[in-house]
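Reading through the structure tokens given below for one structure.
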Amino acid sequence: MSVNSYKEDEHSTGTSKRNTLKRLFSYLLFYKKKITFVLVIMGFCVVVSLLNPLFMEYAIDNDITSGNMSGLVRLILAAAVLNLLMVAGIRLRMYLMADITNSILVTIRQELYTHIQTLDFNFFDSRPTGKILSRIIGDINSLKDVLGNFVTTMIPDLLTVIAVAGIMLVKNPPLALAALCSLPLMALGMWLIQTISHKRWQIFRKKASNLNAFIHEDISGIRVIQSFTAEQETAETFRELVKEHRHSFIRACRMNDSLGSIIDFSWGLGVAAMYFVGIRILGTDQVSLGTFIAFGTYIGMFWSPIMNLSNFYNQIITNLAAAERIFEVLDTKPEITDENDSVMPPMKGDVVFQNVCFSYDNKVNVLQNVSFHIHPGETIALVGPTGAGKTTIVNLISRFYDVQKGAVLIDGIDVRSVTTLSLRSQMGIMTQDNFLFRCSIMENIRLGNPAASDEEVREAARKACHR
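Straight run, no breaks: the sequence shown in our numbering ends on number 1356.
Below, the structure written as structure tokens:
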């Protein structure tokens, strides 16, 4: 059976980025009222921020020029009140969005955990426990900033960019076009970066998953490692996995960070173009000092949200791989399903295997035409070397797997024709650790009292296990 271990990267399914983001942001719809209130607050904050340069322009070109100090004071007081309300609104917005995003993370984690409980053994056979934990904990936690910033960053900053561009075009089209001339360069750079960066972040998520899987296996199997004095070997493996993890992270971050340089260059190019057009082409006699100052402020208000949007874009690229991994598990369908709602009646214990063939990988049969009959109350022992199929037979009786050929009957009923809940609720399975523990107790009792009968040894072992 092909097993995905910590030495092997997980296979990524090709999914549409748009569909993944649409599915992720759909969780926000469960909080429509709160988000609507947050949007109202952000709308007020955006309006105030857009008015500030106009206040400045009016104060310079009218109140200060004409010496109207009383009008200037009133304007300053009005602007101060609006800006204080804006600060309070920002605080409230941050609190509400933190509450919403944390609630969404709890919902996604609960959905993922609940869904994993329904999956069959094939799912767990094909990946280490550490990789499953990586999706439930690490991948979900990485979505927090994406969900929160979608409302608090993308929507208001996008509205700000559109509003600022509109105001600039209305006030002075030549200056506005000069300031925005570097946008195509920025768009091209963002497209190139996201194409490469997304693949690198996928690799990083896989390397992080490999590292988590190894740590889980290493700690849970520390007794075996120490028993075989394999500490040095596992330490070397750990260093190699950490090296791969670090290298993949550096490569992904290096590509992401280059986006900021492109934004800064485009910003500087736009400012230089605006001043060149305003001073050398239009002339200072056609553009007032207040307009220059207002446009300088508006350019900052235009490119600052662009920088925020680029950072949010980086977050999406960084964490999109995590969302894909989460939804991949949620979309995994269990192979063991109930064909109908038939309930298994109270069992008597008659077990029949009829020409059963079973394979884990659909290539090599572990069981080949196996047939036997166990009568109610009968005790049997399955003896054979490792890999002979002893555990497989027990798993087939409990329907942890389905046979490829033949049938497993309990009291004459095919286990596939009843619900797994009604079947397994009437069964008891002793784990390997409990079995070995009980065997050890029985052996110690036998050594302490060689004359004890088999029944006395079993009874003494049963009481010891209960204690």
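Ideal Cβ placement from N, Cα and C applies to all residues, glycine included.
Predicted, not measured: the structure shown is a model, and the values here were computed from it.
### Query
Using the rule of at least 16 other Cβ atoms within 10 Å of the residue's Cβ for burial, across every protein chain shown, is S915 buried or exposed?
Answer is exposed; the Cβ neighbour count stays below 16.
### Message
Taking the beta carbon of D1322 as the centre, do at least 16 other beta carbons fall within 10 Å, making it buried, or is it exposed?
### Response
Any reading at D1322 is ruled out, since the residue's pLDDT is 45, under 50, leaving its predicted position unreliable.
### Task
Label T1041 either buried or exposed according to how many other C-beta atoms from any shown protein chain fall within 10 Å of its C-beta, with 16 as the threshold for buried.
Here T1041 is buried: its Cβ has 16 or more other Cβ atoms, across all protein chains shown, within 10 Å.
### Message
The beta strand (DSSP E) that contains S1248, what's its start and end?
### Response
Residues 1240-1248.
### Query
Are the beta-carbon atoms of F1191 and V1053 separated by less than 8 Å?
Result yes, Cβ atoms of F1191 and V1053 sit closer than 8 Å.
### Task
Have a look at I1114, K1096, N1145, I1104 and flag the residue whose alpha-carbon is nearest the alpha-carbon of R1135.
Closest option to R1135, Cα to Cα, is K1096.
### Query
Tell me the DSSP bridge mates of V1259?
V1245.
### Message
Quick check: L1074 and S1155, are their CB atoms within less than 8 Å of each other?
### Response
Less than 8 Å separates the beta-carbon of L1074 from that of S1155.
### Query
What residues in its chain sit with their C-beta under 8 Å from that of Q1083, if we drop five residues either side in the sequence?
Its chain contains Y1202, I1206 as the residues whose beta carbon lies nearer than 8 Å to that of Q1083, once the 5 sequence neighbours on both sides are disregarded; these appear in chain order.
### Query
Mind checking whether A1212 and L913 have CB atoms under 8 Å apart?
Contact: yes.
### Query
Span of the beta strand (DSSP E) holding G1295?
In this chain, the beta strand (DSSP E) harbouring G1295 covers 1294-1299.
### Query
At a cut-off of 7 Å, is S1015 close to the ligand MN when judged by its beta-carbon and the heavy atoms of the ligand?
This structure does not include the ligand MN; it has no bound ligands of any sort.
### Query
Quick one: Cα of L966 to Cα of L1066, how far?
Going by the C-alpha atoms only, they are around 34 Å apart.
### Task
Name the residue from C1246, P1235, V1255 whose alpha carbon lies nearest to the alpha carbon of P1265.
Relative to the Cα of P1265, the nearest Cα in the group C1246, P1235, V1255 belongs to P1235.
### Query
Looking at the unbroken alpha helix (DSSP H) that takes in P1073, where does it start and where does it end?
P1073 -> alpha helix (DSSP H) spans 1072-1109.
### Query
Taking all protein chains shown into account, do 16 or more other C-beta atoms lie within 10 angstroms of the C-beta of S1023, making it buried, or fewer, making it exposed?
Buried: at least 16 other Cβ atoms inside 10 Å.
### Message
Determine whether the beta carbon atoms of E1000 and I1182 lie at a separation below 8 Å.
### Response
In this structure, I1182 does not lie closer than 8 Å to E1000 by Cβ.
### Task
Please report the Cβ distance between H1004 and V1307, rounded to the nearest whole angstrom; I am assuming they are in contact, meaning their Cβ atoms lie under 8 Å.
Rounded to whole angstroms, the Cβ separation of H1004 and V1307 is 23 Å, and the two are not in contact under 8 Å.
### Task
Determine the burial state of W1080: buried for a count of at least 16 other Cβ atoms within 10 Å of its Cβ, exposed for fewer.
Exposed is the call here.
### Query
N1254 by DSSP, collapsed to three states: which one?
In the three-state reduction of the DSSP assignment, N1254 falls in the strand class.
### Query
What are the boundary residues of the alpha helix (DSSP H) that includes P1063?
Looking at the DSSP string, the run of the alpha helix (DSSP H) that includes P1063 is 1062-1068.
### Task
Go ahead and pull the three-state DSSP assignment for D1230.
Note: D1230 maps to coil in three-state DSSP.
### Buried versus exposed, by CB contacts within 10 Å (16 or more), Y1187
Burial call: buried.
### Query
Once you ignore the five residues that flank G1019 on each side, which residues in its own chain have a CB closer than 6 Å to its CB?
Excluding positions up to five away in sequence, the list reads N1101, A1102, H1105.
### Query
Around the C-beta of V1035, are 16 or more other C-beta atoms found within 10 angstroms, so that it is buried, or is it exposed?
The residue is buried, with at least 16 neighbouring Cβ atoms inside 10 Å.
### Message
Beta-carbon within less than 8 Å of R1313's beta-carbon, same chain only, minus the 5 sequence neighbours each way: which residues are those?
### Response
Within its own chain, the residues whose Cβ lies closer than 8 Å to the Cβ of R1313, once the five positions on either side in sequence are excluded, are S1287, R1288, listed in chain order.
#### Entry: Straight-line gap, I993 to L917 (C-alpha atoms, nearest Å)
Those two C-alpha atoms are separated by around 8 Å.
### Task
Ignore the nearest five residues each way along the sequence and tell me which others in V1259's own chain have a CB closer than 6 Å to its CB.
Taken in chain order, the residues that qualify are F1242, V1245.
### Message
On the CB-based measure, 16 or more other CB atoms within 10 Å of its CB, does G1037 come out buried or exposed?
### Response
Buried is the label assigned to G1037, since at least 16 other Cβ atoms lie within 10 Å of its Cβ.
### Task
Using alpha carbons as the reference points, say which of D1028, L961, L981, Y984 lies closest to N1208.
Minimum Cα distance to N1208 is reached at D1028.
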